[in-house]
Structure formats: structure tokens, C-alpha cells
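K.L.:
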Amino acid sequence: MLVTQGLGTAASAQSQRTYSVCGMVRQNCVVDGDTVWIDGIKIRIADIDTPEIGQPKCDWEFQQGIKARDRLQELMNSHPFEVKRVGSRDEDRYGRKLRILVSNGRSLGDQLVNEGLARTWTGRREPWC
296 MLVTQGLGTA ASAQSQRTYS VCGMVRQNCV VDGDTVWIDG IKIRIADIDT
346 PEIGQPKCDW EFQQGIKARD RLQELMNSHP FEVKRVGSRD EDRYGRKLRI
396 LVSNGRSLGD QLVNEGLART WTGRREPWC
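With this note's numbering applied, the sequence shown covers 296 to 424.
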């Protein structure tokens with residue numbers, strides 16, 4: 296998949312990448328529905344919140360989190376996208392870069408929201424269970 300990369304405001308270089316589910320090596324992979332690694336940089340998708348996989352509060356949250364992760368991986372591998380900076384904050388409190396992923400002028404996060412796998416980020420976590 297051709298992916299426009301860039302962790303600044305917009306992207307310029309293109310290269311071939313395949314995104315896997317993250318394991319021990321975290322170079323180009325999907326952690327969950329709202330966290331990915333691109334070129335070894337951890338990115339929090341800033342416009343959405345998805346159910347947790349690592350510390351879910353119920354089975355439903357875990358199952359929905361897996362669906363969101365897998366769908367994001369599918370979108371990242373099947374659509375060219377740009378990594379764009381939004382707002383004035385560069386990183387969250389965990390050191391993740393705050394970015395959105397945009398394909399054909401549309402946020403991949405918005406697509407997950409429309410498919411019922413995420414919700415729009417409001418600035419704070421809400422319970423899923």
C-alpha cells in the first residue's frame with residue numbers, strides 16, 4: 296500500500312508499507328483501534344476513541360476493541376493515507392504523537408465512527424461497558 300508519510304503537518308514522501316498487528320517489534324503496526332506505530336513512531340489517532348484491548352472493563356469492550364483494531368489495520372493496508380497533525384498539541388501525556396490519518400480527504404477515524412467501531416474524541420475517556 297502506498298502510504299504518504301509525515302509526522303509534521305502534512306506528508307511528502309511515499310513508500311510501500313504493510314501494517315501488521317503489533318507484536319514485539321513495533322515499526323509499522325496497529326496496537327488497537329486508536330494507536331499505531333508508523334516508522335517506529337507511536338501515534339495516537341487524535342480524533343477518535345476506541346474500546347480498550349489491553350485493559351478492557353468487560354468482554355464486550357475487548358471484543359469491540361479487536362474489531363476496531365482489525366478494521367483500522369485493514370483500512371491502513373488498503374487505502375493510501377496521510378498522517379496529519381491537528382491542533383496545537385504534538386504529543387499526549389504518554390509521549391504518543393497526536394495525529395489523524397486521512398484518505399481521500401476523509402479521516403479513517405471518522406470511518407470507524409460511522410461503522411460503530413469508535414466514537415469521536417471529546418477530550419476525555421468514557422466507559423464502554
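We treat Cβ as the ideally placed atom computed from N, Cα and C, and that holds for glycine.
Note that the coordinates shown come from a computational prediction; the quantities given were computed from them, not determined experimentally.
Pick helix, strand or coil for Gln309, following the three-state DSSP scheme.
P.N.:
Residue placement at Gln309 cannot be trusted, given a pLDDT of 37 that sits under 50; the coordinates are not used to answer.
K.L.:
In angstroms, rounded to a whole number, what distance separates the CA positions of Phe376 and Arg394?
P.N.:
12 Å
K.L.:
Return the CA-CA distance between Arg312 and Cys424, expressed in angstroms with no decimal places.
P.N.:
35 Å
K.L.:
Can you list, in chain order, the residues of its chain with a C-beta nearer than 6 Å to that of Asp385? Leave out the 5 residues immediately preceding and following it.
P.N.:
none
K.L.:
According to DSSP, simplified to helix, strand and coil, what is Thr315?
P.N.:
Before going further, note that residue 315 is Ser rather than Thr in the sequence given. Note: Ser315 maps to strand in three-state DSSP.
K.L.:
Mark Asn323 as exposed unless 16 or more other C-beta atoms lie within 10 angstroms of its C-beta, in which case mark it buried.
P.N.:
buried
K.L.:
In terms of DSSP beta bridges, what is Ile340 paired with?
P.N.:
Arg394
K.L.:
Closest by CA to Lys392, which one among Gly318, Ile333, Ala413?
P.N.:
From the listed residues Gly318, Ile333, Ala413, the smallest Cα separation to Lys392 is found for Ile333.
K.L.:
Which residue's Cα is closest to the Cα of Asn409: Cys353, Ser383, Glu347, Arg366?
P.N.:
Arg366
K.L.:
Taking the alpha-carbon of Gly390 as reference, which of Thr330, Val320, Ser315, Val316 has the nearest alpha-carbon?
P.N.:
Thr330
K.L.:
Return helix, strand or coil for Glu369, following the three-state DSSP convention.
P.N.:
Under the three-state reduction of DSSP, Glu369 is assigned to helix.
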